[in-house]
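A.B. asks:
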Amino acid sequence: MPFDGQTYRNLAYLLLAFPLGIAYFTLVTTGLSTGLGLLVTLAGVPIVLATLLVTLGIGSFERRLAEWLLDVDIDGAPSKVELAFGSVDEALGTAKRVLTAPTTWTGLLLVGLKFVYGIVAFTALVTAFAVAVSLLSLPAFYDAAGVTYTIGPYVVDTLREAVAGAGLGLFVLLASLHVLNGVARFGGFLTGALLGGTVNSAGAADD
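Convert by adding 56 to the 1-based position in the sequence shown; the result is the number in the working numbering.
What follows is the structure, given as structure tokens:
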């Protein structure tokens, strides 16, 4: 598993989930709150419509991102909305198609869930590697001046204890990679489920 390239693509997916989740959530909530606040005027209508179009684009990008990085195959063709703004009738038709497209609303749900998922993924990633690196570095720094390492209630002050701690760190690292691979695959499943397809794992990371 540490030597499987798919593991590192999964980690890249988890790292991207945090900034993308924040960006999506900020963009969509700002657009909707502004547009809905201006619905009493005609200015709010195009803002809401543009925000929903952005949501469709986010869904399409997330689908491709899951396929690229997670190596999963999301069955079912992506929903496409024909856009036409050449006349008032065409613009109204476009608005109707956007509002009635199921992926518009599942895309909004995806934006909210991606925000939460990104925070959880980033927290798990940083915590797992911070703990693992701290333990793995014990043999090098356990006796450094002004540095005290503790594992739970135990103070590490001998080489034997430091080596044992590094062994624990290796176990934590391998276990964390297993867990993080699962979190990444769940992200792909979530994307596929919300965008109307089923997910087939085409290259899950192996040991």
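C-beta: ideal position from N, C-alpha, C; glycine also. Bear in mind the structure is a predicted one, so any value in this text is a computation, not a measurement.
1. What span of residues does the alpha helix (DSSP H) with Thr-162 cover, start to end?
2. In chain order, what residues of the same chain have a beta carbon less than 8 Å from the beta carbon of Ala-133, not counting five sequence neighbours either side?
3. Report the partner residues of Val-84 according to the DSSP bridge assignment.
4. Does the distance from the CB of Ile-103 to the CB of Thr-90 come in under 7 Å?
5. So Thr-247 is in the beta strand (DSSP E); what residue range does that whole segment cover?
6. Going by DSSP, what residue range makes up the beta strand (DSSP E) through Thr-97?
7. Looking at the secondary structure, which residues open and close the beta strand (DSSP E) in which Tyr-205 lies?
8. Thinking Val-128 and Thr-111 are a contact (beta carbons under 8 Å), I'd like their distance in whole angstroms, please.
9. Could you compute how far the alpha carbon of Thr-206 sits from the alpha carbon of Leu-236?
10. Which of the three DSSP states, helix, strand or coil, is assigned to Tyr-210?
11. Gly-61 by DSSP, collapsed to three states: which one?
12. According to DSSP, simplified to helix, strand and coil, what is Tyr-198?
13. Rank Thr-86, Thr-63, Thr-107, Gly-87 by C-alpha distance to the C-alpha of Ala-151 and give the top, closest one.
14. With Ala-249 and Tyr-69 assumed to form a contact (beta carbons below 8 Å), what rounded beta-carbon distance in angstroms separates them?
15. Check whether the segment 170-179 touches the segment 197-204, counting contact only when three or more Cβ pairs, one atom from each stretch, lie closer than 8 Å.
16. Report back the beta-carbon spacing between Thr-159 and Leu-251 to the nearest angstrom; my notes put them in contact at under 8 Å.
17. Hey, Ala-79 and Ala-177: beta-carbon distance below 7 Å or not?
18. If we count the other Cβ atoms within 10 Å of its Cβ and call it buried at 16 or more, is Thr-183 buried or exposed?
C.D. replies: Per the coordinate set shown:
1. 158-192
2. The pLDDT assigned to Ala-133 is 49, lower than 50, so where the model puts this residue is not dependable, and the model offers no usable value.
3. BP columns for Val-84 are empty, so no partner.
4. yes
5. Not the beta strand (DSSP E): Thr-247 falls in the alpha helix (DSSP H), residues 215-250.
6. It is not in any beta strand (DSSP E) - Thr-97 carries neither H nor E in the DSSP assignment.
7. Counting along the chain, the beta strand (DSSP E) containing Tyr-205 begins and ends at 205-207.
8. The Cβ separation is near 22 Å, so there is no contact.
9. 26 Å
10. strand
11. helix
12. In the structure shown, Tyr-198 sits in coil (DSSP, three-state: anything other than H, G, I, E or B).
13. Thr-107
14. In fact, because the Cβ distance is near 16 Å, the residues do not count as touching under 8 Å.
15. No: fewer than three Cβ pairs fall under 8 Å.
16. 6 Å
17. No; because the gap between Cβ atoms is not below 7 Å, this pair is not in contact.
18. exposed
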